[in-house]
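Undergrad:
Numbering (full-length UniProt numbering), first residue to last: 1 to 593.
What follows is the structure, given as structure tokens:
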């Protein structure tokens, strides 16, 4: 069997095929003629030429798309008949359109492109993610609670929508008697505009007491190497008011100044715009002299806790997390901390005079009283008794220190766990304390500036367990320079002295007598009342609560270092007693009739 080449036409007259074909043509449908078994495939120059012939195709297994004549190479597929090929060619030719072959541009921006292009990492389900979710839920609940409090206070306090607390939860520090006469009320907004510069440094008139040296090893305490807070029941702490101070009485008789106060009272005035709780200061105008005093059992003797926080504390006084219970606990912690970080080897730095409030042979806490004088104007000088708690050597020079302690009672109130965050996020811990205890930290800074301390040490003390308010541990101790810390917390010394100067000028215009300056428990303002001369003495002392209503610390099997000996927490005449340390109140012993 051979291969039939077929008939090749020959043109003897020239180039090209002859005029008459060598093979007979068949009649086509349109009346023309065409060669047999040769398909006619019309095409355009822009069309791609496909296969001439596909001998591998099987007509029994043709794709439906090819069978329908829609394939590009259908006209060259010999598995189809002539009619299907011609119909496919006609359809392709009529539907041809010239289009752009570029791919569509991809959007460079937009959430869909951004999230589609970034590889999706597997979601972490570890402890950190869960803690972050809990923090977000807690913050959302706190915002909702604050919003509801603001709305309720706006409707119930005469439009005072800026007050973040419910008015009934806060009470006045002193009962306003009907016979008292209100002379003036000063909103805190006016305090922000005041400014006054005093000569710096002030004049040191006298230094009394004795100081023990600071133990620098406590600076290495950390949450992993915590130290148990000790108790000092035998050491006495004194919170004597201005007019009961024998040194101030002596300086007043010598006409050394016209205005007398203590650093605790001045700091309360200087930081008044940051305060939320009510407090009061007794003012006595005697001749041309002015004395700023505090009442026995005053709120100024205690340290507030979470005063400026948006989280409300329990109102029940017997609750260990109530405002009063926390204030007593914080004062107790602060006293013990100030003595534990010292070298108790008997080596003391003594000054001109001994402690003016201690009896002979009595063990007293390490403290030195600096009586300093500032010039307010040509005719007015101010003398204040300022406290420093310790001394240390820095590059061969003597440096005074103030010692204070912040306390953590329950991490759920602050949202920050000190044991986890103090080492890695110390700034976040301090920022939280500045938000929750802005007034307390500002007063400590003001007292350090008044006393001329070279360094202020802040201790971080926490409960061993959130429900155990007897036992505590020291987690860290950090030192700050008072001026740098004041700038950090936005405490302006010129504004502080401007507030004091305005109050002094106002009181100097009053007649001789006794007055009381009271911070309003709800509104951001202070009021000045004229009170009788025998106010806050025997006839005007608040009556004690009945014994069954007095709040006593819970008694354990082992009495925790004299806390239960403090008796009723309502009778706080000395800070040592109120903190449960068992110290005797020395105010009355130092009083001069």
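Beta carbons are placed, not taken as given, at the ideal position from N, Cα and C, and that holds for glycine. Given the structure is predicted, the values throughout are model-derived calculations rather than measurements.
Assuming the contact rule is C-beta atoms closer than 8 Å, residue 340 and residue 365 should be a hit. Round their C-beta distance to whole Å, please.
TA: To locate residue 340, count along the chain shown from 1; it is residue 340. To locate residue 365, count along the chain shown from 1; it is residue 365. In fact, because the Cβ distance is near 11 Å, the residues do not count as touching under 8 Å.
Undergrad: When you compare the CB positions of residue 407 and residue 486, do they come within less than 8 Å of one another, or not?
TA: Residue mapping note: residue 407 aligns to position 407 of the chain shown, counting from 1. Residue mapping note: residue 486 aligns to position 486 of the chain shown, counting from 1. Not a contact, by the Cβ cut-off of 8 Å.
Undergrad: Over the uninterrupted alpha helix (DSSP H) stretch that includes residue 506, give me the two end residues.
TA: Looking up residue 506 in the chain shown gives position 506. Note, residue 506: alpha helix (DSSP H), 493 to 508.
Undergrad: Who are the near neighbours of residue 314 in its chain, counting only those whose CB is closer than 6 Å to its CB and skipping five residues on each side?
TA: In the chain shown, the residue the question calls residue 314 occupies position 314. Once the five neighbours on either side are set aside, the close Cβ partners of residue 314 are 321, 322.
Undergrad: Which ranges does the alpha helix (DSSP H) cover as unbroken runs of at least 4 residues, wholly within the stretch 208 to 256, from first to last along the chain?
TA: 246 to 253
Undergrad: With a 10 Å radius around its C-beta and 16 neighbouring C-beta atoms as the bar for buried, classify residue 512 as buried or exposed.
TA: For this step, residue 512 is matched to residue 512 along the chain shown. Its Cβ having fewer than 16 others within 10 Å, residue 512 is exposed.
Undergrad: Please list the segments of the beta strand (DSSP E) lying wholly inside the stretch 257 to 320, counting only runs of 3 or more residues, in order along the chain.
TA: 259 to 262, 280 to 286, 289 to 293
Undergrad: How is residue 482 classed by DSSP in three states: helix, strand or coil?
TA: Sequence index remark: in the chain shown, residue 482 carries index 482 (1-based). Three-state DSSP puts residue 482 in a helix.
Undergrad: Could you check the C-alpha separation between residue 378 and residue 260 for me, to the nearest Å?
TA: If you number the chain shown from 1, residue 378 lands on position 378. If you number the chain shown from 1, residue 260 lands on position 260. So the alpha carbons of these two residues sit roughly 16 Å apart.
Undergrad: So what does DSSP say about residue 196, is it helix, strand or coil?
TA: Here residue 196 refers to the residue found at position 196 of the chain shown. Residue state, collapsed to three classes: coil.
Undergrad: For residue 601, which of helix, strand or coil comes out of DSSP?
TA: Residue 601 lies beyond the residue range present for the chain, which begins at 1 and ends at 593; the question has no answer from this structure.
Undergrad: Would you kindly report the start and end of the unbroken beta strand (DSSP E) that includes residue 372?
TA: Taking the chain shown and counting its residues from 1, one reaches residue 372 at position 372. From DSSP, the beta strand (DSSP E) with residue 372 extends over 367 to 375.
Undergrad: Check whether the stretch 282 to 291 and the stretch 506 to 522 are in contact - that is, three or more C-beta pairs closer than 8 Å.
TA: yes
Undergrad: What's the gap between the Cα of residue 392 and the Cα of residue 452?
TA: As a first step, residue 392 is located in the chain shown; it is residue number 392 there, counting from the start. As a first step, residue 452 is located in the chain shown; it is residue number 452 there, counting from the start. Linking residue 392 to residue 452 through their CA atoms gives a straight-line distance of about 14 Å.
Undergrad: From the DSSP output, which residues share a beta bridge with residue 519?
TA: The sequence position of residue 519 within the chain shown is 519, counting from 1. Looking at the DSSP output, residue 519 bridges to 526.
Undergrad: I'd like to check one pair, residue 462 with residue 473: are the Cβ atoms closer than 8 Å?
TA: Residue mapping note: residue 473 aligns to position 473 of the chain shown, counting from 1. Residue mapping note: residue 462 aligns to position 462 of the chain shown, counting from 1. For residue 473 and residue 462, yes; Cβs fall inside 8 Å.
Undergrad: Should residue 191 and residue 273 be called a contact, given that it needs their Cβ atoms to be closer than 8 Å?
TA: Residue mapping note: residue 191 aligns to position 191 of the chain shown, counting from 1. Residue mapping note: residue 273 aligns to position 273 of the chain shown, counting from 1. Yes, these two residues count as a Cβ contact at 8 Å.
Undergrad: Is residue 232 closer than 8 Å to residue 336 when the C-beta atoms are compared?
TA: Counting from 1 along the chain shown, the entry for residue 336 is found at position 336. Counting from 1 along the chain shown, the entry for residue 232 is found at position 232. Taking 8 Å as the Cβ cut-off, residue 336 and residue 232 qualify as a contacting pair.
Undergrad: Might you give, ordered along the chain, the residues of its own chain that have their beta carbon closer than 6 Å to the beta carbon of residue 471, omitting 5 neighbours on each side?
TA: Residue mapping note: residue 471 aligns to position 471 of the chain shown, counting from 1. Same-chain partners within the cutoff: 464.
Undergrad: Please report the residue range of the beta strand (DSSP E) in which residue 348 lies.
TA: If you number the chain shown from 1, residue 348 lands on position 348. Boundaries of the beta strand (DSSP E) harbouring residue 348: 348 to 350, taken from the DSSP string.
Undergrad: When DSSP builds the beta bridges, which residues end up paired with residue 187?
TA: Position 187 of the chain shown, counting from 1, holds the residue named residue 187. DSSP lists 525 as partners of residue 187.
Undergrad: In whole angstroms, what is the alpha-carbon distance linking residue 160 and residue 524?
TA: Reading the chain shown from its first residue, position 160 is the one you call residue 160. Reading the chain shown from its first residue, position 524 is the one you call residue 524. Any answer about residue 160 is weak, because its pLDDT of 39 lies below 50 and its placement is not dependable; what the coordinates show is given next. Distance between the alpha carbons of residue 160 and residue 524: 10 Å.
Undergrad: Measuring alpha carbon to alpha carbon, tell me which of 518, 410, 141 ends up nearest residue 306.
TA: By 1-based counting over the chain shown, the position of residue 306 is 306. The shortest Cα separation from residue 306 among 518, 410, 141 belongs to 410.
Undergrad: Out of 386, 349, 527, state which residue places its alpha-carbon closest to the alpha-carbon of residue 181.
TA: Taking the chain shown and counting its residues from 1, the one referred to as residue 181 is at position 181. Minimum Cα distance to residue 181 is reached at 527.
Undergrad: Any chance the stretch 422 to 439 sits against the stretch 499 to 511, with 3 or more Cβ pairs inside 8 Å?
TA: no
Undergrad: Are the beta-carbon atoms of residue 248 and residue 383 separated by less than 8 Å?
TA: By 1-based counting over the chain shown, the position of residue 248 is 248. By 1-based counting over the chain shown, the position of residue 383 is 383. A contact, by the Cβ cut-off of 8 Å.
Undergrad: With DSSP collapsed to three states, give me the class of residue 389.
TA: Position 389 of the chain shown, counted from the first residue, corresponds to residue 389. In this structure, residue 389 counts as coil in the three-state DSSP scheme.
Undergrad: With residue 434 as the anchor, note down where its alpha helix (DSSP H) starts and where it stops.
TA: As a first step, residue 434 must be located in the chain shown, where it is residue number 434. Residue 434 -> alpha helix (DSSP H) spans 426 to 436.
Undergrad: Among residues of its own chain, excluding the 5 on either side of residue 243, which ones have a beta-carbon nearer than 6 Å to its beta-carbon?
TA: Here residue 243 corresponds to residue number 243 of the chain shown, with the count starting at 1. Here the set comprises 291, 293.
Undergrad: Three or more C-beta pairs closer than 8 Å, one from the stretch 204 to 222 and one from the stretch 345 to 363: is that the case here?
TA: As far as the Cβ criterion goes, the stretch 204 to 222 touches the stretch 345 to 363, which means the pair count is three or higher.
Undergrad: Name the one or two DSSP bridge partners that residue 10 has.
TA: Sequence index remark: in the chain shown, residue 10 carries index 10 (1-based). The bridge partners DSSP lists for residue 10 come to none.
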